[in-house]
Amino acid sequence: MKTLTFLDLKNGGFVMNDWYFATLTKRMGSRLRRLELDCWHLMDSSLENLPESIEELVLCGCDHHSNQILFNVSCRLKGKLRIFAWSGFGGSISAKGFEDVALNNRCLTSFMIDCGSTVDVNQAVRTVAKNCPLLKELSACNLTMETLVFMFECGISLQRFRHKQRQIDSFHITDTTLTLIADNCPLLKELNLVEKTIAESAVTDSGILHLAERASALRILKLKPIQCSIASEVAIMQLVNFCGNLSHVELSNFKHLSDPPVYELVQKCVNLMELSLDYSQISDTSLELISIHCKGLRSISLKCCRKLTDLGIKALHQCGSLESANLGQASGLTDGSLTAICTGNPHLKVLVAGYGQVSDKGLRAVASCMHLRELALNNCSHVTNRGIKQIAGGCPMLRFIALSYCEHITDSAVISLAKGCPRLLKVRLDGCRLLSNPSVRILSSTNKKLRYLSMQHCTKLTDDVFQYLLMALSLRFVDLGRGKLTVAGFEAYHMQRPLVEICIDGRPYP
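Count along the sequence shown from 1, add 7, and you get the number used in this note's numbering.
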């Protein structure tokens, strides 16, 4: 380890405790520049002995910590951090901890924060903007328009900006927002805006055209508004013409996005690697164009595209290098089209096929994707134990699986999954009413890194499951169907695992 410059410890699970991390830090050499660390099983004090050579620090799973963990980072790495990323949704963290990081590391070029409502993200970002003039990359949530204006008044000109809007008082994706960002970030290479609440006004031609004219250096553009954008086809085609270097494009919920802009996109953007056209009006023609012109495409998302047929989706067979395909609630998804995608793209890692007309026959092809890591088959009513057992036998790398409301699934299928897919981190089995205690027992005892288990409306579960869940040492979230479970059972488990977030049919407990 003495010669390592990069170390990824994000998936250490329960093994990554204070003692183990302390042992590792003694073995880390002076060449280590980047560390990615899951802090869920660590105390604040564990970061007191970080290697002083670190310039890039990524912390996740920070759900029960205090400002002390950030103070320890600041003290240990004072003046050395260039990139800092934080993900945590609990504990007693406040903006003061992040301010300390910024004030002690004024050469920060990248600041990324994803947290709950208890942290004043706006205050933290303002401090970073005021004290870190070299900032070029920002990833945050729930920023207000006032914070954006303040940041630009401080002279910050971002090259990469990612934002998730979860609260109604934070800025929305509107013409005003796009104009403000484009005017102040002329060298912008990445813009990723996600919206969770409805804005007062939708994105129109004005915002899209201004972005196209002022941010022609864009390579990654992802706009995901809740409210349908009414930008015209002409405006979208102008955007493509101005931003010919785009390699990652997401235009979700654009009401007038149909085949002509897609034709323009695949012609102009020859290095396209990722394309998301959720809720669009495209037809099979677009998929045929994509399959012909986008041989380097790695990811495609067509969620809720309702004008597609089985024939169009089959055309994706010709892409050849797809690693991710989201076809959730898209029309035309059948056993035939699913088979075509899987056989034509053998390196597929992520597949979403929820609500599709697929059965065990289609899953036979899915099982041939040995590199598959994430699979969602929600509401696929024709899937049975036989198909799931094929997945268990052919996809040993699976980390996430969603089988919610696959009503024919029984404990036998889950047992096969647990044994065949030992790397599972997240499992969703909501509404699988035939499942009972053996499913919980096998997942808890076999999948040592399991972090997330959801079994809403699984009414056959009894209080014995809490005894089994105690074996799942890496578990962080569990959602169980009320059914035969008692308050005493929930209380006893909560007493022994106070850090685990517990829900009953989607509602937080207690």
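Every residue, glycine too, gets a C-beta built ideally from N, C-alpha and C.
The structure presented is a predicted model; accordingly, all values stated were derived computationally and were not measured.
Neighbourhood of residue i by C-beta distance below 8 Å, restricted to the same chain and skipping five residues each side
i: residue 447; result: 460, 462, 468, 472, 475 and 476
i: residue 245; result: 215, 216 and 219
i: residue 289; result: 264, 265, 266, 269, 309, 312, 314 and 315
i: residue 416; result: 390, 391, 392, 395, 410, 436, 439, 441 and 442
i: residue 101; result: 74, 125, 126 and 127
Cβ separation of residue i and residue j, assumed to be a contact under 8 Å, to the nearest whole Å
i: residue 197; j: residue 227; result: 4 Å
i: residue 519; j: residue 251; result: Residue 519 lies beyond the range of the chain shown here (8 to 517); nothing can be said about it.
i: residue 81; j: residue 56; result: In fact, because the Cβ distance is near 14 Å, the residues do not count as touching under 8 Å.
i: residue 457; j: residue 482; result: 6 Å
i: residue 319; j: residue 295; result: 7 Å
i: residue 357; j: residue 370; result: Residue 357 to residue 370, Cβ: 16 Å. No contact.
i: residue 406; j: residue 432; result: 5 Å
i: residue 116; j: residue 143; result: 5 Å
i: residue 324; j: residue 354; result: That pair is no contact at about 14 Å.
i: residue 121; j: residue 148; result: 6 Å
i: residue 349; j: residue 326; result: Contact flag wrong, Cβ pair sits at about 12 Å.
i: residue 87; j: residue 59; result: 7 Å
i: residue 365; j: residue 387; result: 5 Å
i: residue 306; j: residue 330; result: 6 Å
i: residue 79; j: residue 51; result: 6 Å
Simplified DSSP state of residue i, which is helix, strand or coil
i: residue 90; result: strand
i: residue 135; result: helix
i: residue 100; result: coil
i: residue 22; result: helix
i: residue 36; result: coil
i: residue 95; result: strand
i: residue 27; result: helix
i: residue 240; result: helix
i: residue 515; result: strand
i: residue 118; result: strand
i: residue 158; result: helix
i: residue 331; result: strand
i: residue 364; result: strand
i: residue 229; result: strand
i: residue 463; result: coil
i: residue 4; result: Residue numbering for the chain in the displayed model covers 8 to 517; residue 4 lies beyond these limits and cannot be assessed.
i: residue 358; result: strand
i: residue 262; result: coil
i: residue 203; result: coil
i: residue 434; result: strand
i: residue 41; result: strand
i: residue 387; result: coil
i: residue 341; result: strand
i: residue 72; result: coil
i: residue 272; result: helix
i: residue 472; result: helix
i: residue 179; result: coil
i: residue 498; result: helix
Cβ neighbour criterion (16 or more within 10 Å) applied to residue i
i: residue 495; result: exposed
i: residue 179; result: buried
i: residue 114; result: exposed
i: residue 367; result: buried
i: residue 13; result: exposed
i: residue 274; result: exposed
i: residue 176; result: exposed
i: residue 232; result: buried
i: residue 23; result: buried
i: residue 380; result: buried
i: residue 513; result: exposed
i: residue 498; result: exposed
i: residue 5; result: Shown here, the chain extends from 8 to 517; a query on residue 5 therefore has no answer.
i: residue 173; result: exposed
Neighbourhood of residue i by C-beta distance below 6 Å, restricted to the same chain and skipping five residues each side
i: residue 208; result: 181
i: residue 199; result: 169 and 229
i: residue 490; result: 466 and 468
i: residue 223; result: 249 and 250
i: residue 94; result: 67 and 121
i: residue 362; result: 336 and 386
i: residue 92; result: 65 and 119
Beta-carbon contacts of residue i that lie in its chain and below 7 Å, excluding the five residues immediately before and after
i: residue 339; result: 315, 316, 317, 319 and 320
i: residue 420; result: 392, 395 and 396
i: residue 238; result: 210, 211, 212, 215, 261 and 263
i: residue 154; result: 129, 132 and 133
i: residue 401; result: 374, 375 and 377
Can we say the stretch 30 to 47 touches the stretch 469 to 477, given the rule of at least three CB pairs closer than 8 Å? No: the two stretches stay apart, fewer than three of their Cβ pairs being nearer than 8 Å.
Tell me whether the stretch 96 to 113 and the stretch 68 to 75 touch, counting them as touching only if at least three CB pairs, one residue from each stretch, are closer than 8 Å. The answer is yes - the stretch 68 to 75 touches the stretch 96 to 113, with three or more Cβ pairs under 8 Å.
Check whether the stretch 123 to 132 touches the stretch 160 to 171, taking contact to mean three or more Cβ pairs, one atom from each stretch, closer than 8 Å. Between the stretch 123 to 132 and the stretch 160 to 171, the count of Cβ pairs shorter than 8 Å is below three; the stretches do not touch.
Meets three-Cβ-pair contact criterion under 8 Å: the stretch 414 to 433 and the stretch 389 to 396: yes
Would the stretch 188 to 195 and the stretch 132 to 139 be scored as touching if the rule is three or more Cβ pairs under 8 Å? no
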